[in-house]
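Below you'll find the structure, written out as structure tokens, and then a few comments.
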Amino acid sequence: MSNIQLFQDAFVVNFPVEIADQVLARMQALYGEAFDKKFGEISPSELQFTTCTVLNSLKPEELRRGLERMNSEKWCPSLPEFRSWCVHDGDWWTAEQAWAKALNFEADKNQKITTLAKQALDEVRHILKTEGQKAAHFAFRDIYQDYLQKAKKLGRVQVMWIQPKALNKPDEDLNRKGSPLPADLAAQAQLIYRRAGKAS
Numbered sequence: 499m500s501n502i503q504l505f506q507d508a509f510v511v512n513f514p515v516e517i518a519d520q521v522l523a524r525m526q527a528l529y530g531e532a533f534d535k536k537f538g539e540i541s542p543s544e545l546q547f548t549t550c551t552v553l554n555s556l557k558p559e560e561l562r563r564g565l566e567r568m569n570s571e572k573w574c575p576s577l578p579e580f581r582s583w584c585v586h587d588g589d590w591w592t593a594e595q596a597w598a599k600a601l602n603f604e605a606d607k608n609q610k611i612t613t614l615a616k617q618a619l620d621e622v623r624h625i626l627k628t629e630g631q632k633a634a635h636f637a638f639r640d641i642y643q644d645y646l647q648k649a650k651k652l653g654r655v656q657v658m659w660i661q662p663k664a665l666n667k668p669d670e671d672l673n674r675k676g677s678p679l680p681a682d683l684a685a686q687a688q689l690i691y692r693r694a695g696k697a698s
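Our numbering puts the first residue of the sequence shown at 499, with every later residue one more than the last.
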């Protein structure tokens with residue numbers, strides 16, 4: 499097998515055309531004008547092929563998950579976004595969900611956030627403050643996706659972030675004074691101060 503053939507195999511699309519048509523019909527029925535606005539300028543055959551390409555290798559249960567989520571979403575997804583709904587397992591937040599939760603957390607520290615989202619937010623906080631939400635959103639999404647893939651490979655589960663508790667110091671610790679210097683150290687300190695011209 500030649501190198502060209504190996505690369506050609508990456509372009510093989512075997513997603514059923516009939517199923518792609520059903521997905522597009524469902525999207526059009528649910529979103530109407532929003533669907534037409536998003537996909538109206540693409541020819542039907544090109545849209546069908548693109549749908550097959552994007553949804554290629556999905557399992558039936560994954561497609562079902564995406565269709566079920568589509569029933570409850572208010573906006574018309576792009577095809578890659580719809581695919582992300584299909585492959586997203588409910589145990590983890592998507593990058594978009596994590597971003598929305600991170601913004602809520604930024605506004606109100608009592609809001610819940612996952613450790614992964616908090617870590618990504620901490621890394622983009624400077625961008626958020628200096629360049630704004632749009633730039634921070636792009637950076638956050640990429641960082642979160644990277645962390646998410648690593649966490650899944652390691653078999654981790656999503657964990658909510660818990661703010662570390664501050665240690666309460668007893669009143670006597672707050673009012674405590676240091677021990678006096680021993681006489682020989684006090685004399686050495688006075689000598690050093692005198693040489694530096696700080697002693698009176």
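Every residue, glycine too, gets a C-beta built ideally from N, C-alpha and C.
Worksheet item: Cα separation between ARG693 and LEU683?
Response: 15 Å
Item to complete: Report the partner residues of MET658 according to the DSSP bridge assignment.
Response: THR612
Discussion item. What does the Cβ neighbour count give for TRP573, buried or exposed, with the cut at 16 atoms within 10 Å?
Written reply: exposed
Worksheet item: Of all the options ALA618, LYS651 and VAL655, which has the alpha carbon lying nearest to the alpha carbon of PHE603?
Response: ALA618
Worksheet item: Does DSSP put GLN511 in a helix, a strand or coil?
Response: Checking the sequence shown, residue 511 turns out to be Val, not Gln. Coil, per DSSP.
Practice prompt. Whole angstroms is fine: what's the gap from MET525's alpha carbon to GLU544's?
Written response: 16 Å
Worksheet item: In three-state terms, what does DSSP make of GLU571?
Response: coil
Worksheet item: Leaving out the 5 sequence neighbours to the left and right, which residues in its chain are closer than 7 Å to VAL515 when beta-carbon positions are compared?
Response: GLN546 and CYS550
Practice prompt. Could you check the C-alpha separation between GLN688 and GLY676 for me, to the nearest Å?
Written response: 18 Å
Worksheet item: Can the beta-carbon of TRP583 be found less than 8 Å from the beta-carbon of ARG567?
Response: yes
Discussion item. Classify ILE502: buried if its beta carbon has 16 or more other beta carbons within 10 angstroms, exposed otherwise.
Written reply: exposed
Practice prompt. Let me know if SER698 comes out buried or exposed under the rule of 16 or more other beta-carbons within 10 Å of its beta-carbon.
Written response: Bear in mind that a pLDDT of 46 at SER698, under 50, signals an unreliable position, so the number given afterwards is only what the model happens to contain. The residue in question, SER698, is exposed, as its Cβ has fewer than 16 Cβ neighbours within 10 Å.
Discussion item. Can you give me the C-alpha to C-alpha distance between HIS624 and THR548, rounded to a whole angstrom?
Written reply: 38 Å
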